[in-house]
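Here's the structure, in structure tokens; my notes come after.
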Amino acid sequence: MKCPYCGSDQTVKNGKYHDKKTGEIKQEIHCKACGRYPRISIVPQDKPATPSKNQSTKKFIQPSAGISEIEFREKHDNRYILTKKAAALLRGQLVPEPQFIEMCHVRQNAGYKGIVVHPDFEKYRGRAGGTWYWSHPETIKKLKNEGLMT
Numbered sequence: 023m024k025c026p027y028c029g030s031d032q033t034v035k036n037g038k039y040h041d042k043k044t045g046e047i048k049q050e051i052h053c054k055a056c057g058r059y060p061r062i063s064i065v066p067q068d069k070p071a072t073p074s075k076n077q078s079t080k081k082f083i084q085p086s087a088g089i090s091e092i093e094f095r096e097k098h099d100n101r102y103i104l105t106k107k108a109a110a111l112l113r114g115q116l117v118p119e120p121q122f123i124e125m126c127h128v129r130q131n132a133g134y135k136g137i138v139v140h141p142d143f144e145k146y147r148g149r150a151g152g153t154w155y156w157s158h159p160e161t162i163k164k165l166k167n168e169g170l171m172t
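Written out as structure tokens, the structure reads:
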């Protein structure tokens, strides 16, 4: 497959997903040349390529340069990064806060600490022995109920 961004043939399949908006099955690929993860529509062999009723017949031009809003947020929005990583924490595994911040690759600029201590993340954080730990909300709640964390 060719990358729609750079036109390179150096691509690797990276899984399929179902697009909820259009109802299409799309193939995600990884382009080794430009490093992007474009999603390409796949038309099943047994079905002709016809637009559905709720699908627009307008053609959109694929941008040759630039990144999507999600890619931008994944790179620059500390709140988005922390929310995504905190939701992926495993039950029973406690991560000290400095390691968690490093694991998230959060840019430690002015105001990042205000995001870390925001009340939205209170369910993921607990303090024991002067150290803040991050974990799955059930684990933090259990340890707080047992009096091991504050």
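So the sequence shown is numbered by our numbering: it starts at 23 and just counts up by one. Virtual Cβ for every residue (Gly too), placed ideally from N, Cα, C.
Nearest-angstrom Cβ-Cβ length linking residue i and residue j, presumed shorter than 8 Å
i, j, result
"I137", "N100", "5 Å"
"E96", "Y102", "7 Å"
Contact test: residue i Cβ vs the ligand FAD heavy atom, cutoff 8 Å
i, result
"F94", "As for the ligand FAD, it is missing from this structure, which has no ligand bound."
Beta-bridge partners of residue i, as assigned by DSSP
i, result
"E144", "None; E144 has no bridge partner."
"H127", "For H127, which the question treats as bridged, DSSP gives no partner whatsoever."
"A150", "T153"
"P118", "Y155"
Cβ neighbours of residue i in the same chain (closer than 8 Å, five flanking residues each side left out)
i, result
"K38", "I47, K48, Q49, E50, I64"
"C56", "C25, Y27, C28, S30"
"A150", "L165, L170, M171, T172"
"R129", "H98, N100"
Candidates the options, of which the one nearest residue i by Cα
i, options, result
"P118", "E91, D142, C56, H158", "H158"
"F143", "A108, K35, K42", "A108"
"M125", "A110, P141, N131", "A110"
Contact under 9 Å by Cβ, residue i with residue j
i, j, result
"Y146", "I123", "no"
"L104", "Y155", "no"
Residues near residue i in its chain [Cβ-Cβ closer than 6 Å; skip 5 each side]
i, result
"G152", "none"
"Q67", "Note that Q67 scores 47 on pLDDT, short of 50, meaning its location in the model is unreliable; the coordinates nonetheless yield the value given after this. Taken in chain order, the list of residues that qualify is empty."
Own chain, CB closer than 7 Å to residue i, minus 5 neighbours either side, in chain order
i, result
"L112", "H158"
"E160", "R113"
"K181", "Residue 181 cannot be examined here, being either before or after the span of the chain that is shown, 23 to 172."
"Y134", "N100, V128"
"K42", "none"
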